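A.B. asks: Residue numbers (UniProt numbering): 1 to 287.
C-beta atoms are modelled at their ideal positions from N, C-alpha and C, and glycine is treated no differently.
Just so you know, these numbers come straight off a predicted model, no measurement behind them.
Structure below; questions to follow.
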Amino acid sequence: MRKLVIFAFIGFFAQLIDGALGMAYGVTSSSLLLTFGIAPAAVSATIHLSEIVTTAASGVSHMKFGNVDRPTLYKLVIPGSIGAFTGACFLSHLPGDVIKPIISIFLLCLGIYVLFRFLFNFNPDNQKKTIDLSRKKSILLGFISGFADSTGGGGWGPITTPVLLTKKGASVRKIIGTVDTSEFAIAVSASAGFLISLGPGEVNWTWTITLMLGGVVAAPIAAWLIRILPAYLLGVLVGGIIILTNVRTLFLSWSINNIWTVNVFIFLLIGWGIAIFYAVRQHHKKK
């Protein structure tokens, strides 16, 4: 019973971050679930099955609050679904230890760019009402993000959100809401792939349903939060999350000493806190 309560809190916390920042449900929940000694493929399957319900609840909430750019949503769904299904079917045959660090270095650079852009070069008056993602870019971005999501237990938001945030003038709120809503299709496709490759008997349905319940409670709260939080602050928060999650992935991949890991994370958290304080202060000066 105690473990189920913990899983419910994991689902709530992971969805609250994911719904408010457009990423990190998979990263947060997979990190915590792996500490219970669950096999990586089973963890990824559990997360994606729970996301079918949590992303549906999140998508409805984001649409209700006007956080979704529908044209971009439709462009991302099909290539993302194909990539997620493919990744889920071939998870056990992929050299994840080789691929993950390369993707993480790329995303770390994007995270630094996003953070500094919203700190020093952000003009709220230049934000557009749409994201304006071309068909060609959406196919490439959707497939890669969906594929990475299945193979790593999380990757749709951590890849799609920062890439879209590099587009100048794109609405931060719309990006987060669109990415989070489109994740429903990715979760369904990945789950279908896992059920085919692993079989339903390999999934712990009690854990999955518990994660779902926690996530469903958090979904409308997260959608409301990005409706009221200013764009500059969302950008700084997202940039910080991108940096922290990818530094963590790199340290795990390279087996960095725990003392170094703790010291680096303390340094990054302090720097992130200073960045948030600076962003808020600069915004109030401009008023």
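(1) Answer with buried or exposed for G239, where buried requires no fewer than 16 other C-beta atoms within 10 angstroms of its C-beta.
(2) Along the alpha helix (DSSP H) that carries K75, what are the first and last residues, could you check?
(3) Out of S50, Q282, L49 and T161, point me to the one whose CA is closest to I131's CA.
(4) Specify whether the segment 170–186 and the segment 219–233 touch according to this definition: at least 3 beta carbon pairs, one from each stretch, less than 8 Å apart.
(5) Examine the Cβ distances between the segment 82–91 and the segment 233–251 and report whether three or more of them are shorter than 8 Å.
(6) In terms of alpha-carbon separation, which member of I139, I10, V172 and A170 lies closest to K75?
(7) Under 8 Å by Cβ, that's how I've got W205 and F7 pegged, so tell me the actual separation to the nearest angstrom.
(8) Buried or exposed, going by whether 16 or more other CB atoms sit within 10 Å of the CB of P158?
(9) Hey, how far is the Cα of A45 from the Cα of T210?
(10) So what's L119 in DSSP terms, helix, strand or just coil?
(11) Can you confirm whether the segment 184–192 touches the segment 45–60 when touching is taken to mean that 3 or more C-beta pairs between the two stretches lie within less than 8 Å?
(12) Could you tell me if G214 is buried or exposed, where buried requires 16 or more neighbouring beta carbons within 10 angstroms of its beta carbon?
C.D. replies: With the structure as the only source:
(1) Translated into the one-based positions of the sequence shown, residue 239 becomes position 239. Answer is buried; the Cβ neighbour count reaches 16.
(2) As a first step, residue 75 is located in the sequence shown; it is residue number 75 there, counting from the start. Residues R70 to C89.
(3) Numbered from 1 along the sequence shown, position 131 holds the residue referred to as residue 131. Of the candidates S50, Q282, L49 and T161, the one whose C-alpha sits nearest the C-alpha of I131 is T161.
(4) yes
(5) no
(6) Residue 75 sits at position 75 when you count from the first residue of the sequence shown. When each option's Cα is compared against that of K75, the closest is I139.
(7) Position 205 of the sequence shown holds residue 205. Position 7 of the sequence shown holds residue 7. So it is not a contact: roughly 12 Å between Cβ atoms.
(8) Position 158 of the sequence shown, counted from the start, is the residue given in the question as residue 158. Its Cβ being crowded by 16 or more others within 10 Å, P158 is buried.
(9) Taking the sequence shown and counting its residues from 1, one reaches residue 45 at position 45. Taking the sequence shown and counting its residues from 1, one reaches residue 210 at position 210. Taking the straight line from one Cα to the other gives about 14 Å.
(10) In the sequence shown, counting from the first residue as 1, residue 119 sits at position 119. Correct three-state label for L119: helix.
(11) yes
(12) Position 214 of the sequence shown, counting from 1, holds the residue named residue 214. Result: buried.
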